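For reference, the structure is listed below as structure tokens.
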Amino acid sequence: MTSPFQTNSTARNRRALPDRDLLLAMKAQNNSFVLGTRKSQLALVQTGHVADALRELHSSSYSRNDDGNDDGVKVSSHDDCGQTPDIELPLAERNGGIFAHLVEKPYFPLQYSFSVEWMTTVGDRNQTTPLHLLSPYDSTQPAKSLWTDELEARLIHGHFDMLVHSFKDVPTILKDGCEIGCVVKREDPRDAFVVKKGLSYTRLEDLPDGSVVGTGSVRRVAQLKRAFPNLVFEDMRGNLNTRLAKLDNPESKFAALILAISGLTRIGLGDRVTTPLSSPTLMHAVGQGALAVEIRSNDLRTRNCLRGLGHWETEWSTAAERGCLRVLEGGCSVPVGVESELVELDPYGDHSDLTATVEDRYLPDDESPLLENSPMLWFSGLIDTVGTLPSTPTFFTSSLPRLRKRLARLSLHVCVTSTDGSKHVVHRPKPVFVRSYREAQRYGEECAREIRKMGAGEILDEINTLRKEREAEDIARAMEERRKMDLPQAQTQNDAAAEIVV
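For reference, each letter of the sequence shown is one residue, going 66 to 567 in our numbering.
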């Protein structure tokens with residue numbers, strides 16, 4: 066039975082689209098790139114950061130007004146009713162921490178432009194229905210995502226050239242025709258305890274019994290129920306400013322919220338962090354704090370544009386986390402928490418003093434050769450490759466770092482928790498030496514297989530069984546309400562779903 070809560074990924078955006086090949090040709094001729102994102106304050110700010118970084122990387126293409134001042138990021142919308150007039154998003158504040166690794170002033174002889182456009186997604190349009198009902202788990206559609214599906218459709222068609230995502234929202238198996246072009250340097254991945262203004266509590270354990278704490282994450286609720294069974298955790302979703310306003314309302318029942326530190330920091334609200342949370346209290350989501358830039362597969366023009374933007378330490382650590390999650394078949398509705406640490410080592414040095422605490426599971430010849438047409442993620446100026454590969458794209462001279470071998474010590478801490486917090490499995494294997502993104506990914510996959518054997522598999526199977534039962538009950542209840550409304554019988558379940566979602 067089709068869930069009445071779900072919507073067709075294209076039902077809300079049925080306007081005729083221009084011919085894909087013509088659209089791409091026009092962009093190439095105009096040297097323009099369109100960055101797509103969701104309609105939310107945080108998403109627009111994050112995309113603005115990436116657009117600014119690209120302008121900085123390709124500095125001669127950075128536009129200026131007649132008075133010599135920097136232009137703001139021009140943002141257009143693609144909402145349900147078509148394109149609305151352009152709005153101006155102020156130039157995103159430069160974040161030296163995230164983009165400090167970029168080259169300062171490369172030579173870029175062409176004038177390239179970077180614009181930002183947003184559109185609404187299922188997750189944006191419906192802020193009330195639980196996430197597990199909007200996107201039930203379906204093994205036949207592993208890339209199903211509330212936040213990315215509709216954006217990816219426009220990326221594949223050619224309307225967008227890049228999508229900027231919070232990496233935690235990106236499915237571990239991407240839609241056919243899409244790939245990750247680069248991963249931007251990670252902010253603090255931890256969650257934060259954010260207390261209501263006027264209250265003096267500084268820790269979760271300080272809250273009185275029965276206090277209500279808001280969060281929209283199954284992962285957070287599962288871990289926190291285990292640690293604080295005396296507190297009440299309730300769903301709260303929406304833009305960060307909206308959630309904080311609800312929290313601070315004197316009439317609100319909420320005493321605190323659990324929010325990602327990275328999101329608060331990016332929109333300039335880092336001062337609202339009361340206390341950062343980490344293990345054993347709360348382990349963060351896979352990919353949290355990192356930004357991913359998604360592009361069309363084999364889009365060499367966009368790959369070259371992104372070269373030099375990625376941050377290799379973030380790429381490798383998130384590879385381990387996402388490799389683990391993919392094997393666990395988790396998603397935003399499955400309570401999997403992680404913590405990872407990556408430390409760069411001299412690839413030519415003697416590390417015999419570390420062999421007692423660090424494993425070397427992989428041999429250099431384990432990896433298949435990295436070729437010139439490999440995805441950007443595998444060779445964004447970070448590791449040796451086989452064959453002829455320029456260290457810089459054709460529109461640079463010698464500004465980017467040369468390709469070189471890397472070695473790092475990688476550790477991964479994983480937990481799986483039942484939704485009621487009664488069962489909790491933690492796995493912290495020995496750190497390993499890794500020499501590539503793919504070795505880091507394999508380490509995460511092995512960690513997932515190991516924690517499954519330790520009892521996590523039973524927890525995940527139980528969660529999926531309970532979720533399917535709950536979905537069936539909610540779907541039956543929604544269909545009964547539809548019948549009571551006496552809607553025309555010819556109306557499809559998906560049409561009814563669209564009305565419910567709106």
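Glycine residues also receive a C-beta, built at the ideal position from the N, C-alpha and C atoms.
In this text the structure is predicted, and so the values were computed from the model without any measurement.
Going by C-alpha distance, which of the options is nearest residue i?
i           : options               : result
residue 21  : 315, 219, 286 and 291 : In the structure as shown, the chain begins at 66 and stops at 567. Residue 21 is therefore absent and cannot be evaluated.
residue 288 : 254, 392 and 342      : 342
residue 243 : 222, 263, 262 and 528 : 222
residue 248 : 360, 294 and 181      : 360
residue 263 : 316, 230, 252 and 297 : 316
residue 371 : 113, 109, 110 and 123 : 123
residue 477 : 485, 487 and 505      : 505
residue 105 : 388, 427, 177 and 183 : 183
residue 215 : 281, 103 and 96       : 103
residue 410 : 535, 384 and 498      : 498
residue 340 : 368, 353, 114 and 253 : 253
residue 379 : 354, 544, 390 and 416 : 354
residue 336 : 261, 539 and 531      : 261
residue 334 : 306, 312 and 322      : 306
residue 475 : 377, 362, 534 and 546 : 377
How far does the beta strand (DSSP E) with residue i in it extend, from its first residue to its last?
i           : result
residue 316 : From DSSP, residue 316 is part of no beta strand (DSSP E); its letter is neither H nor E.
residue 182 : 178-184
residue 424 : That residue, residue 424, is in no beta strand (DSSP E); it is neither H nor E in DSSP.
residue 415 : Careful: residue 415 lies outside any beta strand (DSSP E) and carries neither H nor E.
residue 365 : Per DSSP, residue 365 belongs to no beta strand (DSSP E); it is in the alpha helix (DSSP H), 365-371.
residue 490 : 489-492
residue 346 : Per DSSP, residue 346 belongs to no beta strand (DSSP E) and is neither H nor E.
residue 482 : 472-482
residue 102 : 97-103
residue 33  : Shown here, the chain extends from 66 to 567; a query on residue 33 therefore has no answer.
residue 338 : Careful: residue 338 lies outside any beta strand (DSSP E) and carries neither H nor E.
Can residue i and residue j be called in contact, C-beta distance under 8 angstroms?
i           : j           : result
residue 570 : residue 213 : Residue 570 cannot be examined here, being either before or after the span of the chain that is shown, 66 to 567.
residue 412 : residue 472 : yes
residue 407 : residue 382 : yes
residue 256 : residue 310 : no
residue 570 : residue 116 : Any answer about residue 570 is impossible in this case: the structure gives the chain only from 66 up to 567.
residue 259 : residue 320 : no
residue 490 : residue 524 : yes
residue 98  : residue 179 : yes
residue 112 : residue 283 : no
residue 352 : residue 507 : no
residue 403 : residue 349 : yes
residue 347 : residue 513 : no
residue 332 : residue 107 : yes
residue 522 : residue 386 : no
residue 496 : residue 422 : yes
residue 367 : residue 486 : no
residue 232 : residue 329 : no
residue 313 : residue 295 : no
residue 177 : residue 96  : yes
residue 251 : residue 279 : no
On the criterion of 16 or more Cβ atoms from any shown chain inside 10 Å, does residue i qualify as buried, or is it exposed?
i           : result
residue 549 : exposed
residue 470 : exposed
residue 101 : buried
residue 272 : buried
residue 173 : Legend: pLDDT at residue 173 = 42, less than 50; position of this residue unreliable, no value from coordinates given.
residue 483 : buried
residue 270 : exposed
residue 365 : exposed
residue 425 : exposed
residue 462 : Interpretation of residue 462 is limited by its pLDDT of 40, a score under 50 that renders its predicted location unreliable; the figure taken from the coordinates is listed afterwards. That one is exposed.
residue 226 : buried
residue 517 : buried
residue 405 : buried
residue 265 : exposed
residue 238 : exposed
residue 384 : buried
residue 240 : buried
If you follow the alpha helix (DSSP H) that residue i is part of, which residue opens it and which one closes it?
i           : result
residue 222 : 214-222
residue 113 : 106-122
residue 332 : That residue, residue 332, is in no alpha helix (DSSP H); it is neither H nor E in DSSP.
residue 509 : 502-516
residue 522 : 522-549
If we define contact as Cβ-Cβ less than 8 angstroms, is residue i a contact residue for chain D?
i           : result
residue 370 : Among the chains of the structure shown, chain D does not appear; only one protein chain is present.
Ignoring anything shorter than 3 residues, give me the beta strand (DSSP E) runs that lie fully in the region 375-410, in order along the chain. Fully enclosed beta strand (DSSP E) runs of 3 or longer: 401-410.
Quick one: complete alpha helix (DSSP H) runs, 4+ long, within the region 226-300? Segments of the alpha helix (DSSP H) lying fully in the region 226-300: 283-292.
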